[in-house]
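J.:
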Amino acid sequence: MLTDVELERYFLNLGISRAGRDLITTARKQSPVRDVQQSSTVRTRFVSRKMDRALLAESHTVEFPGLYFREFDKETLEYWPQPFNLSLKVEAPSGAVTRVPHVPDLLVLRESEVVVEEWREEKRLRRLAAQYPHRYRKVDGRWHDSYAEALLGPMNIRYHLRSADEHPRIWLANLGLLEDYTLETAAPVPNAERQRLLDLLQEERKVNYLDLLHHHGFNADDVMQTVLLQDVYVDLKERRISETQDLVIYADEATGRADAILQQASLHTFPDCVLNIEPGAEFLYGGNMHRIVLVGDKDVQARTAGGQLITLMLSEITQMVKDRLIVPTGAHAVNREFNEKALLKSKKLPAAVKRLHALKNPKASGVPARTLRKWRDRIAGLQTEEAMLEALMDSHDGNRNSALTDASLEKMQEAVDSFHNKENAPTKQATFDVYVELCAAAGIESMSRSTFFERIGKLEDHKSRYGTKRDYQDAELPWYAEYREPVNGHLPHGVAYMDHTPLPQMLRGLKFGNLGKPTLTLMTDGAVSCPRAFFLSFKNARTYSVLMCLRDYVRRHGVLPRILVVDNGKEFHSHELEAFADIFKFTIRWRRPSKPRDSAVVESALGITQREVTDLLMGTSKELQKNARSVSATHAPDKHIEWTLKALHGSLNNYFFTTLMQRVHPVHGMTPLEYEQKLNFELGSRSHRAIAYNGLFRILSAPSPKRRHPRKLDRRRGVWVDRAWYWHPELAKARPKEYARVKTEPFNAQVIYVEFRGEWLIAKSREPALFGRYLSEVEEYQKRHERMEAGNAAQRDRKTIRHVQHRVASWIDPTKWDDRLREQNAEEQRIYANLGMAEAMPEAANPVPQELILGVPKRSAAVSPADVEQDSGESKPVRAVKRPVSTKPAPADKRLAVYVTDEPTVEEADVEDDEDYEEEQF
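For this note's numbering, count along the sequence shown from 1 and bump the result up by 29.
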């Protein structure tokens with residue numbers, strides 16, 4: 030970004046007026062001036078390295094490509110989305126002047142100009158031009174907004190109204206594949222490999238990409254990086270590097286352009302055989318005569334003598350002619366006197382083809398001889414099959430005019446509008462009755478019931494009858510042009526989908542027979558179509574579930590996805606997730622509301638998991654969900670619970686990462702494991718994107734307190750979090766009014782993590798008796814809430830101390846606490862402690878869950894000799910970072926450590942010598 034001095038010099042060089050300077054300066058401070066609109070589009074949160082901030086786009090196909098293009102455009106210095114609110118002066122035909130507000134999509138500071146851009150769909154621009162011709166117009170292939178240009182023109186700021194069709198889709202897709210090699214962590218190509226590749230291309234001039242990998246032993250990462258650095262040539266604006274089977278690497282740009290010209294010339298004529306690829310050309314193929322009908326950019330349609338259409342690729346024809354599989358019989362086009370396009374689109378063509386085939390095979394046709402003679406008379410004297418087909422088509426369609434009167438159709442429309450298309454969704458029969466009554470009242474003859482039922486289907490409005498969700502489900506499936514929009518990405522760990530679902534499986538514990546049903550959070554890979562990570566919890570879906578699933582993702586794969594696609598749940602719009610994305614630089618994409626097909630990869634994974642796993646286990650409540658009144662008491666699922674949370678976690682882990690990974694996928698034709706290995710081999714493994722799974726990462730993926738803002742530090746008491754004080758010796762160095770960022774530990778409420786002057790510290794509660802033996806932040810918060818209520822009651826009723834004591838005793842009655850909740854937390858911690866996903870640091874471990882489960886006497890955790898030996902070294906604080914952690918080992922003097930303190934509080938010091946104090950407290 031430009032400094033203030035550089036910005037003033039920039040304004041002087043471009044001659045920006047004072048009004049333009051004020052407008053740009055204000056935009057740099059206030060952008061964006063409005064929030065992203067809650068519309069039916071795919072919204073994207075893109076972390077820009079050039080702008081060093083997160084940018085929001087309201088459309089995935091219109092605005093987001095514009096942001097992505099500016100991120101890698103070398104001439105773009107800065108770009109600001111939703112920069113300012115313009116007030117456009119509009120003059121009506123009557124002469125009245127009004128003001129129209131307008132917030133453009135982008136303010137771009139380029140080296141040679143300042144540009145304000147507004148992106149729209151092409152069809153929307155055409156509609157606006159027809160509706161407001163005095164404002165929107167298209168001149169010489171470019172769209173113009175006369176009002177905006179008149180306002181910004183005097184400021185020497187250009188206004189561009191852009192169409193989404195202008196996006197360089199292929200170039201942007203290639204950038205998405207090469208973006209990983211622009212990271213600072215990307216290792217340079219070894220000089221020996223780079224020189225070996227250049228020498229090979231100098232000799233061969235061009236080499237197929239897959240030959241470089243398979244026959245010459247090059248690494249895909251090295252080849253991709255040389256393409257990005259332009260040491261070799263690939264036309265990134267015309268060739269998709271993801272299509273590795275057709276990708277060719279050239280020595281330089283001149284060689285690439287010359288080869289393109291030669292390839293284009295070879296598509297039209299073959300000198301060896303004198304075959305011109307044009308409509309009318311004839312050739313022999315497979316012993317049968319064929320005539321070329323249509324010639325496209327990549328394929329050719331030809332018709333056999335029997336009238337059958339076949340499609341051949343131009344590249345296939347080239348080779349087949351060389352191999353003499355295709356023999357040309359003429360080099361000139363045939364003059365035709367019929368409209369070929371109209372013939373192919375005619376609805377009468379299938380019947381004409383059948384008749385011509387019957388004439389050629391009269392014995393096998395089964396058509397009467399009299400009919401055959403009549404058809405033969407039609408084609409008498411005709412030489413070409415096109416003319417015969419036209420002659421065999423029916424000359425007239427009969428009387429297709431409707432016998433229904435306009436008045437009857439109007440009454441039908443009235444009945445549909447006033448009665449049928451309503452929220453109660455009446456039946457067709459009920460609507461027909463209303464229609465008959467309307468016709469009888471008007472003295473009009475009504476149509477028959479069958480005709481009414483046949484016509485009403487075209488007038489039904491599913492959105493009005495059933496709502497938007499049913500209308501979305503009944504609508505035709507959209508056709509996604511994967512060539513233009515690879516929505517699922519091309520690379521492993523490129524696009525990941527996340528969603529939650531409550532499982533119907535009832536689980537038991539060691540003490541309680543029914544702990545309830547868990548919630549599954551699942552992440553799947555869009556390109557490979559396989560699960561990547563999951564998280565099971567008895568708690569409902571929340572931000573904590575999202576962060577824990579991302580933690581499991583890094584634990585398994587050592588990397589995070591580049592794009593995370595989620596729905597519009599509250600937990601996916603949390604500041605915690607956005608802050609986590611800012612640190613690790615990945616994009617968040619929110620799919621359209623109530624459009625589950627946008628996340629079809631994870632939705633189908635959740636569905637098949639329930640069908641193939643949870644619905645088959647003992648204790649499933651699927652029958653209760655279908656028809657609860659039909660389930661007998663002997664077959665009630667709560668009487669047949671056999672599975673625990675740990676057992677279900679192991680079963681799902683085996684299903685996701687063993688069963689599905691080794692099952693042949695119907696799209697790829699191979700297992701997801703094999704397909705991922707193929708992609709890594711051909712497109713590069715990108716190991717430099719790795720993230721270290723250590724204590725620092727677990728701290729960064731831990732949730733924040735209820736109030737997210739930094740906490741004020743007290744040098745005497747520590748930091749106040751959720752109605753309790755936490756202390757660490759380093760906090761005694763805090764200056765007045767000094768603040769720090771705080772993270773909580775869900776598996777141990779007695780500790781928190783404090784970022785103090787760039788270091789993460791483990792702070793412990795100054796009131797351990799406050800927490801008692803509670804295991805998690807949920808129970809801890811409940812206990813604190815009880816204390817707060819007790820204090821408020823004491824203030825309201827100080828004179829009746831005895832009465833207050835009785836009330837407090839009733840509040841803290843042990844029967845009020847739910848032991849079932851404690852065992853739920855213990856079950857979860859048993860799983861994730863073994864996986865290394867529980868406490869961020871070993872020093873913050875909570876010993877209570879294991880004691881609760883094993884039933885051992887309640888005592889303080891003993892320290893084993895191994896622990897003493899392991900922690901004997903001098904500890905150092907954990908350094909806080911603002912970017913992903915490198916996997917390279919740090920020097921010995923810079924390795925991360927943690928400060929842990931067991932400094933006694935004032936209350937503890939008074940009873941330090943009392944041996945029975947600890948047991949009395951617990």
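Note that CB positions come from ideal geometry on N, CA and C, so glycine has one too.
Are three or more beta carbon pairs between the region 657-675 and the region 693-712 nearer than 8 Å?
T.: no
J.: Go ahead and label P758 buried or exposed: buried means 16 or more other beta carbons lie within 10 angstroms of its beta carbon, across all protein chains shown.
T.: exposed
J.: Is the CB-CB distance between T284 and K235 below 8 Å?
T.: Contact flag set, yes.
J.: Using only the alpha-carbon positions, how far apart do F482 and Y464 sit?
T.: 12 Å
J.: Taking the alpha helix (DSSP H) that E5 falls in, what are its first and last residues?
T.: In this structure the chain extends from 30 to 951, so residue 5 is not present and cannot be described.
J.: Drop a sphere of 10 angstroms on the beta-carbon of V34, count the other beta-carbons inside from all chains shown, and report buried for 16 or more, exposed for fewer.
T.: exposed
J.: How far does the beta strand (DSSP E) with F461 in it extend, from its first residue to its last?
T.: That residue, F461, is in no beta strand (DSSP E); its alpha helix (DSSP H) goes 457-471.
J.: Any C-beta of chain C sitting closer than 8 Å to the C-beta of V595?
T.: The structure shown has no chain C; it contains just one protein chain.
J.: How many Å lie between L257 and L96 at the Cα?
T.: 20 Å
J.: Cβ atoms of R74 and A610: under 8 Å apart, would you say?
T.: yes
J.: When the Cα of I485 is compared with those of Q224, N450, Y755, which residue comes out closest?
T.: N450
J.: Is it buried or exposed for V696, if we count other Cβ within 10 angstroms and need 16 for buried?
T.: exposed
J.: Within this structure, are the beta carbons of K772 and A721 separated by less than 8 Å?
T.: Not a contact, by the Cβ cut-off of 8 Å.
J.: Straight-line CA distance for L239 to D264?
T.: Their backbone Cα atoms lie some 17 Å apart in a straight line.
J.: For H717, collect the residues of the same chain with a Cβ closer than 7 Å to its Cβ; drop the 5 residues on either side in sequence, then sort them by chain order.
T.: L212, T214, A215, A216
J.: Excluding the five sequence neighbours on either side, which residues of its own chain have a C-beta within less than 6 Å of the C-beta of T340, listed in chain order?
T.: D328, Q330
J.: Mark N863 as exposed unless 16 or more other C-beta atoms lie within 10 angstroms of its C-beta, in which case mark it buried.
T.: When all chains shown are included, N863 counts as exposed.
J.: If we ignore side chains and look at the alpha-carbon of each, how far apart do G729 and E147 end up?
T.: According to the sequence provided, residue 729 is Leu. The question's Gly does not apply to it. Distance between the alpha carbons of L729 and E147: 38 Å.
J.: Less than 6 Å between C-beta atoms, sequence neighbours within five positions excluded: which residues of the same chain meet that for A56?
T.: W109, P112, F113, L136
J.: L31 to N682, Cα distance in whole Å?
T.: 50 Å
J.: Whether or not the region 686-693 and the region 541-549 are in contact is what I'm after, with contact meaning three or more pairs of Cβ atoms, one per stretch, closer than 8 Å; do they touch?
T.: They do not touch, by the three-pair rule.
J.: Excluding sequence positions up to five away, which residues of its chain have a Cβ less than 6 Å from the Cβ of H196?
T.: P94
J.: Between R286 and L276, how many whole angstroms is the CB-CB distance? I'm expecting something under 8 Å.
T.: No, R286 and L276 are not in contact; Cβ-Cβ is about 16 Å, not under 8 Å.
J.: Please report the distance separating the alpha-carbon of H694 from that of L677.
T.: 25 Å
J.: Less than 8 Å separating the beta-carbons of E784 and A769?
T.: yes
J.: Taking 8 Å as the threshold (C-beta atoms), are V132 and V65 in contact?
T.: No, these two residues do not count as a Cβ contact at 8 Å.
J.: Please determine, among D281, L229, L230, E208, the residue with the shortest C-alpha to C-alpha distance to M253.
T.: Residue E208 holds the alpha-carbon nearest to the alpha-carbon of M253 among D281, L229, L230, E208.
J.: Looking only at its own chain, which residues have a Cβ that is under 8 Å from the Cβ of A454, when we skip the five neighbours before and after it?
T.: R494, Y495
J.: Considering only C-alpha positions, which residue in the set L323, E307, L338, I306 is nearest to N317?
T.: Taking the Cα of N317 as reference, the smallest distance to any Cα among L323, E307, L338, I306 is reached at L338.
J.: In chain order, what residues of the same chain lie with their CB nearer than 8 Å to the CB of G44, ignoring the 5 residues before and after it?
T.: Result list for G44: N185, in chain order.
J.: Going by the CB atoms, is the gap between R139 and L115 shorter than 8 Å?
T.: no
J.: CA-CA distance, H529 and V382?
T.: 54 Å
J.: Just to confirm, is the Cβ distance from I791 to A873 under 8 Å?
T.: Yes, the Cβ-Cβ distance between I791 and A873 is below 8 Å.
J.: Nearest by alpha-carbon distance to N248: which of L708, M342, R626 is it?
T.: L708
J.: Helix, strand or coil for V897, going by three-state DSSP, please let me know.
T.: Because V897 carries a pLDDT of 35, less than 50, the predicted location of this residue cannot be relied on, and no value is offered for it.
J.: For S175, collect the residues of the same chain with a Cβ closer than 6 Å to its Cβ; drop the 5 residues on either side in sequence, then sort them by chain order.
T.: R164
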